[in-house]
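Read through the structure below, which is laid out as structure tokens, and then see the notes.
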Amino acid sequence: MASNVVENGVKLVGETLLPGTSLMIDGEIKSGLGHAALGILATAAFGPLAWIAVAADSYARSVTGRSLSDHLFPPKPAERPVAEEIR
Numbered sequence: 002m003a004s005n006v007v008e009n010g011v012k013l014v015g016e017t018l019l020p021g022t023s024l025m026i027d028g029e030i031k032s033g034l035g036h037a038a039l040g041i042l043a044t045a046a047f048g049p050l051a052w053i054a055v056a057a058d059s060y061a062r063s064v065t066g067r068s069l070s071d072h073l074f075p076p077k078p079a080e081r082p083v084a085e086e087i088r
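Just so we're aligned, residue 2 is where the sequence shown starts under the working numbering, counting upward by one.
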């Protein structure tokens, strides 16, 4: 339990330095580098809030396995198919 708290703390600090760090710590190098590149490009285009958004997505994916958009807008459950009437 305490090791998870320390690990997540290290991941969070890493995200402030470079988005994607937490994914790279988990061994997901491609995804981490993608988040890093996206964070840099988004910051250049939209400012520091974009950096925070990309870093938050990376951290959420690392810790929970779900993207930030999945947390904010959970997918609706699939509609259940209507059973055919028994004849």
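Just so it is clear, CB atoms sit at the ideal spot from N, CA and C, and this is done for glycine as well.
For the alpha helix (DSSP H) containing residue i, name the first residue and the last one.
{"i": "Pro49", "result": "49-65"}
{"i": "Ser68", "result": "No alpha helix (DSSP H) contains Ser68, which DSSP labels as neither H nor E."}
{"i": "Leu24", "result": "22-26"}
{"i": "Leu13", "result": "3-18"}
Quick one: is residue i buried, meaning 16 or more other Cβ sit within 10 Å of its Cβ, or exposed?
{"i": "Ser4", "result": "exposed"}
{"i": "His72", "result": "exposed"}
{"i": "Val55", "result": "buried"}
{"i": "Arg67", "result": "exposed"}
{"i": "Lys12", "result": "buried"}
{"i": "Leu70", "result": "Note that residue 70 corresponds to Ser in the displayed sequence, not to Leu. When all chains shown are included, Ser70 counts as exposed."}
{"i": "Leu24", "result": "buried"}
{"i": "Ala43", "result": "buried"}
{"i": "Thr22", "result": "buried"}
Between residue i and residue j, how many whole angstroms is the CB-CB distance? I'm expecting something under 8 angstroms.
{"i": "Ile26", "j": "Gly15", "result": "7 angstroms"}
Legend entry - the region 44-52 / the region 28-36 touching (three or more Cβ pairs under 8 angstroms): no
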